[in-house]
Amino acid sequence: VTIKAATTMGPGAAPVASAAEEQGRRPAKGGGRPAVETLSFGVALGAPTFLWQLAFFLVPLGFLVAMTFWSVRNFRLQPDFTFINWEAIFAAGFFRNAFVYTSGMALLTSLLAATAAFPVAYAIAFRTEPALRRLLLFALIVPFFTSFPVRIYSMQIFFSPSGVINTALAVAGLGPVTILNTPLGTLVGYLTLTLPLVILLQTFALGAIDRQFVEAAHNLGCGRLRTIFSVIIPSARVGLVLSAAFAFVLAFGDYISPQFLGGSKPPTLSILIADQVKSGNQWPRASVVALVMILTLTVVLGALLKFAYGGRRATG
Amino acid sequence: MRNPPIFDPRGLLRPSRRQLLQGAGALAGASAFGLGSAAGAQDNVLNLLSWPGHADPAFVKPFEDQYGVKVVAKEYVGGEPMLALMNQSPPGSFDVVLADAEYIGMLQEGGFIDEMNPADYPLTDYWPEFQKFPLHWKNNKLYSVMIRFGYLGLAYRTDLLKADDVKSYKVLWDAKTKGKVGFFDWYLPSMGCLSLHDGNKPPFDIDNAAFEKLKKTLFSLRPQAAGFYSMADMFGMLTNGTAGIIPGIGDWVVLLLQKNGVPVAATVPDEGGIQWTESMSVVSSSTKKDLAKKFIQYASSPEGQFRSARLPAYWASIPNKKGWEKMIADAPQDAKTLRHTFDAPNVMTEYKQGKIFIRQTPVQQDIAAWNDAWSEFKST
């Protein structure tokens, strides 16, 4: 049971699985501990984080749900039980447009990021020396050192009509290209946000693959591409799907890219939340939008996880 | 065979872990110190709720020096967020509120601001048009003192459009401005100018038929739109040329850009323009009302007016004629730029021509109706 649970936990748990296997062979090391003790140890370890989540995630979430039924009079929030906010948001054309646009853009980001990241992750995981690998992974973390809004603002300099890119294009007799205030600008922002993380996650996923499988495939006459598609991708499936899921989640909720690179044209759901609050203190309506976003992400993530782990169980 | 660990983050931290810990300790110490000193200074603080930039030392320094206090501002953009902050902050959070005139009535009805004594302020030095500014008075009682104002019409890049092109709001639909019309992401000034285009005078007091027509006018601009900008973004987008023209803004954006050599100008088209105002009121829940009064007296004095007009965040016109005189004497070039001179057509000329309409919140519809139209416009 332990081994099965560990393997279904994905690539990060692979070393744990092999450790468990070793333990299985040598049960003397801590093998005789009673289950109750193990459980209470686990509870003690997890309790602080659980309490933190309870206080700062679950309670506010409950408050968010409650607030969707409140009303606003003279810019003042009033506890209430009305469905008027749900009705207003679901009847609004701008909400439907924003929902479709945001979902589509997040999906596109997730597909693009996952596809673009794979060759990089593959190269880092399989084709680099450990020292270089360490350096490259460090370089992927560097973007997180600077806050995202600052990075996005600096990108405005690149993309503006008289910016770096268009000046270079003009020298070559090309352009100008318009990227600021277009969905393409938003997409560039989303990819900037997600790509480093997606590459990191994919690299870890690929790094956890047992090299013996790869060697076996080569020994059996499998070409490089076929090894990638028949051995590597299926082995790292959970990690790869998770990386794409992360990209979807991050892009779906991002406010900075669509506002400052996309020019809010059209607005995404996160911008809609800000607009509802900004233009009438409509926290209840904003809460409705936020809840719809949370529900959407729950459904999407659930489906992706089912897809990832379901497939793994079938092959394993 | 065990896989080699692909990445061990500890390797990165190892050489500098000691330094990191030292840094963290220093940081904690600094924040404790910072908190302590902030708490001790509360009595010497004047809390201002205002548009961005109004606690700039360039404006408040003489006041701070004279009274030994610090002016601390909580900044907002747009009247609705201001109302929300007033509604939701604990009593005593603010001493002075700087608001646009159209929100003074709501602040007064909500019991958020005090009645003021006109004799406390140099209103007789103001231009006659602003001595009894309608939105500041209720039942013949004064609730707010105007500090700055400006006109909203069209702001445009002069390398894209000439002065002749922008005589009418019709230029917004012109082929030249396709994909170049930027918008300040606030329904009120943007839709107000389009209402003037539709021939509604005054632009905010319109019946439902005119409102429906206004919505049509607004939605027809969608193919022209470049983007919807925050306050700070408008400066950037006009500078880098992403936006070639923006309705519903004016000198407050343009003057600073001109100073930096950006080819932009602002104008009030023939259909008319909208006046924005910033006025100060004493917050009813303030525990420092005397200091609040002194601050408003300073802001409306010639010195305060002169400094406020040239606020580093954005420039504006001032209503006090003695402030004009001080500017003409001390900074004649700036007086010319702001058109604050007495011997040439000045900023009061358009006012006297009857082209300027005071910005108001919608009269016959809910704010929400205009807001929703704006959201709809952005998303189509």
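Those protein sequence lines, which keep their order, are chains A and B. According to the working numbering, the first sequence is numbered sequentially starting from 343. According to the working numbering, the second sequence is numbered sequentially starting from 308. Cβ coordinates follow ideal geometry from the N, Cα and C atoms, glycine included. This one's a predicted model, so the numbers in the text were calculated from it and none came from an experiment.
Backbone CA spacing between alanine 638/B and alanine 623/B [nearest angstrom]
15 angstroms
Mind checking whether tryptophan 434/B and proline 626/B have CB atoms under 7 angstroms apart?
yes
So which residues on chain A does proline 388/B lean against when the C-beta distance must stay under 7 angstroms?
Lys620
Please name the residues in the region 541 to 557 of chain B whose beta-carbon is closer than 9 angstroms to at least one beta-carbon of chain A, in chain order.
Gly543, Met544, Thr546, Asn547, Gly548, Thr549 and Ala550
Compute the distance between the beta-carbons of leucine 449/B and proline 429/B, then report whether it is under 7 angstroms.
no
Within the same chain, show all residues whose beta-carbon is closer than 6 angstroms to that of alanine 680/B, passing over the 5 residues directly before and after it, in chain order.
Lys522
CB-CB under 7 angstroms to threonine 594/B, same chain, minus the five flanking residues each way: which ones, in chain order?
Gly399
Output yes if chain A places a C-beta closer than 7 angstroms to the C-beta of asparagine 678/B; else output no.
yes
Report the residue ranges of all alpha helix (DSSP H) runs contained in full by the region 528 to 556 of chain B; include only those spanning at least 4 residues, in chain order.
538 to 547
In or out: lysine 648/A buried (at least 16 other Cβ within 10 Å) or exposed?
exposed
Taking the alpha-carbon of glutamate 585/B as reference, which of Gly360/B, Asn351/B and Leu353/B has the nearest alpha-carbon?
Gly360/B
Residues of chain B with CB under 9 angstroms from glycine 505/A, in chain order?
Asn547
Between the region 505 to 519 of chain B and the region 589 to 605 of chain B, do three or more beta carbon pairs fall short of 8 angstroms?
no
With a 10 Å radius around its C-beta and 16 neighbouring C-beta atoms as the bar for buried, classify alanine 397/A as buried or exposed.
exposed
Measuring alpha carbon to alpha carbon, tell me which residue in Gly486/B, Leu467/B and Lys628/B is nearest glycine 531/B.
With the sequence shown as reference, residue 531/B is identified as glutamine, and glycine is not the correct amino acid for it. If we check each option's Cα against that of glutamine 531/B, Gly486/B comes out closest.
Within the same chain, show all residues whose beta-carbon is closer than 7 angstroms to that of valine 462/A, passing over the 5 residues directly before and after it, in chain order.
Ile541
Minimum Cβ-Cβ distance from phenylalanine 423/A to chain B less than 7 angstroms
no
Could you give the first and the last residue of the continuous alpha helix (DSSP H) run that contains methionine 409/A?
401 to 409
With DSSP as the reference, identify every bridge partner of arginine 464/B, one or two as the case may be.
Val571/B
So, helix, strand or coil for leucine 645/B, using DSSP?
coil
Determine the burial state of valine 641/A: buried for a count of at least 16 other Cβ atoms within 10 Å of its Cβ, exposed for fewer.
exposed
Applying the criterion that 16 or more other CB atoms from any shown protein chain within 10 Å of the CB defines a buried residue, is leucine 562/B buried or exposed?
buried
Considering Cα atoms alone, identify which of Arg469/A, Leu526/A and Thr569/A is closest to glycine 549/A.
Arg469/A
Nearest-angstrom Cα separation, counted from glutamate 578/B out to lysine 662/B
7 angstroms
Distance cutoff 7 angstroms, beta carbons only. Does glycine 534/B sit that close to anything in chain A?
yes
How close, in whole Å, do the beta carbons of alanine 533/B and asparagine 523/A come, if the pair is a contact with beta carbons under 8 angstroms?
5 angstroms
Taking Cβ positions only, does arginine 418/A come closer than 7 angstroms to chain B?
yes
Could you check whether the Cβ of glutamate 683/B sits closer than 7 angstroms to any Cβ belonging to chain A?
yes
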